[in-house]
Amino acid sequence: MKLQHHLGGLEGLGPVWTETRVFVEPWETRIFGIHTAMMALSSQLPLPATPSAFDTIWTWADLRKGAEGINPFDYFKYRYYEKWLGGISGYFIEKGYITAEELDALTEVYYADPDKALPGGGAAAIDERIIQYLVEGDSPKRDVPVGDVLSVGDKVFIKNVPTIEHTRLPGFLRNKVGTVETVYEGAYTYLCDTGPDGIGTPMPVYCVAFDPQELWPGNAEANFILYADLYSAYVLPADVAEAA
1 MKLQHHLGGL
11 EGLGPVWTET
21 RVFVEPWETR
31 IFGIHTAMMA
41 LSSQLPLPAT
51 PSAFDTIWTW
61 ADLRKGAEGI
71 NPFDYFKYRY
81 YEKWLGGISG
91 YFIEKGYITA
101 EELDALTEVY
111 YADPDKALPG
121 GGAAAIDERI
131 IQYLVEGDSP
141 KRDVPVGDVL
151 SVGDKVFIKN
161 VPTIEHTRLP
171 GFLRNKVGTV
181 ETVYEGAYTY
191 LCDTGPDGIG
201 TPMPVYCVAF
211 DPQELWPGNA
221 EANFILYADL
231 YSAYVLPADV
241 AEAA
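In this text, residue positions in the sequence shown follow UniProt numbering: the first is 1, and each later residue adds one.
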């Protein structure tokens, strides 16, 4: 997880302003809808066929990778859904659905005439598939053997795994020690293979409790616990880590 995507625990960042509205501008709802449609139309899902030409895979992980690939200085220039728009546009160009020049030309067309009708071929069938996707979902839980599983109360050491494109491990937890609070039943996959980061295939997931004094020694409030849900690829039994 690159710096701009998890600022927890960093000092001297100045005042932080948080937007509480889910959507600030009307166009942001359309970006969310496009993202949802892309997930529903992804080729790996066993859902009814549609006339859509979209035949590749798009997941939450692809959206996150697109945002995390932005230059850190550019990242802070844009609002939330502007980052989504950039990632989605880049994906369509990368996969050959449209060229950058064609996208720029269409952008100018709709700037000039915002009320111009959008293409609607096969919309009804596409809508039905999206609705089915939203109703049925795509659970990451898998019914597969998971091997050795840690127990509630076990002390664990959090690895500092290499990050290439994407990770689900916050930076401030790396090389820290916590305690297993909950062992979630079953095994859980991730939306994509993160390579050296270690997640993708089904594995146990734990809720791990951390003492803030362990995370930020001498600079944390008292009387609270921080919890994080972590894939097993990110944790080691503390005694194994000490012996290594």
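Glycine included, each C-beta is placed from N, C-alpha and C at the ideal position. As the structure is a computational prediction, the values presented were derived from the model and not from experiment.
Counterpart residues of P237 in DSSP-defined beta bridges: V156
Cβ pair P196, V146 closer than 8 angstroms: no
Buried versus exposed, by CB contacts within 10 Å (16 or more), G137: Exposed, since its Cβ has fewer than 16 Cβ neighbours within 10 Å.
Short CB-CB distance (under 8 angstroms) between G69 and chain C: The displayed structure is made up of one protein chain only, and chain C is not part of it.
M39 to W216 span [Cα, whole Å]: 38 angstroms
Span of the alpha helix (DSSP H) around V109: A100 to A112
Length of the line joining the Cα atoms of I158 and I199: 14 angstroms
Supposed contact pair Y227 and E181 - C-beta distance, whole angstroms, cut 8 angstroms: 6 angstroms
Cutoff 8 angstroms; reference K95; Cβ partners in own chain excluding five residues on either side: T56
Collapsed DSSP secondary structure at R30 in the structure displayed: Residue state, collapsed to three classes: helix.
Host beta strand (DSSP E) of G178 (start-end): Per DSSP, the unbroken beta strand (DSSP E) holding G178 starts and ends at V177 to V183.
DSSP beta-bridge partners of L230: Y206
Burial state of Y190, where buried means 16 or more other Cβ atoms lie within 10 Å: buried
Residue of G86, A124, L45 and A233 minimising C-alpha distance to L150: A233
Best match in L45, K77, N71 and T201 for proximity to V144 [C-alpha to C-alpha]: T201
Cβ shell of W60 (< 8 angstroms), same chain only, five flanking positions each side left out: Correct list, in chain order: M39 and L191.
Start-to-end residues for the alpha helix (DSSP H) that takes in P212: Note, P212: alpha helix (DSSP H), P212 to L215.
For W84, the first and last residue of its enclosing alpha helix (DSSP H): Y80 to E94
Distance, Y188 Cα to V208 Cα: 16 angstroms
Same chain only: Cβ atoms within 6 angstroms of Y81, ignoring 5 sequence neighbours per side: E28 and I31
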